[in-house]
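Please read the structure below before turning to the comments.
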């Protein structure tokens, strides 16, 4: 990922896993022995509440423009519906009063949305997580 997004990142390594934080986007790898294997990525949209333009990786910002504020789920839902991409609400047991989860069936990607006030403003996208590898 560094070859695509540059070398401005933070690593969170352990013996068998590695998380690489590129600001708004994170990538994850695992290994028992041998080479690292990519498992999933996430977009930590809740960090947009900080309204720090440097938070978004410059490569992403140059390609997609500024990310000046949190992203309303209503906007994302309408965009996906317009492209015939369904989202199904799924249970979020860890904190059902504060977060709602919506799964895209074909990709198994999950969009987490603020429902209460603890994690930000209700209705804002909290994060998007790709499915882990089996």
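Numbering (the numbering used here), first residue to last: 6 to 139.
Every residue gets a Cβ at the ideal spot worked out from N, C-alpha and C, and that includes glycine.
- Membership of residue 14 in any alpha helix (DSSP H) is not indicated, and neither H nor E is assigned to it by DSSP.
- Sequence-distant Cβ neighbours of residue 108 in its own chain, meaning closer than 6 angstroms and more than five residues away, are 93, 95 and 115.
- In the DSSP assignment, residue 117 falls within the beta strand (DSSP E) that extends over 115–119.
- Taking C-beta atoms as the reference points, residue 77 and residue 128 count as a pair closer than 9 angstroms.
- Annotation for residue 103: no beta strand (DSSP E) segment contains it, and DSSP assigns it neither H nor E.
- Cα atoms of residue 98 and residue 7: separation of roughly 34 angstroms, rounded to the nearest angstrom.
- For the 9 angstroms CB-CB criterion, residue 24 and residue 62 do not form a contact.
- Of all alpha-carbon atoms in 123, 83 and 87, the one lying nearest the alpha-carbon of residue 102 is that of 123.
- Taking 9 angstroms as the cut-off, the Cβ atoms of residue 106 and residue 90 do not count as close.
- Looking at the backbone, the Cα of residue 18 and that of residue 87 are separated by about 40 angstroms.
- Assigned with DSSP and collapsed to three states, residue 38 falls in coil, not helix or strand.
- Residue pairing by DSSP places residue 31 opposite 26 and 47 in a beta bridge.
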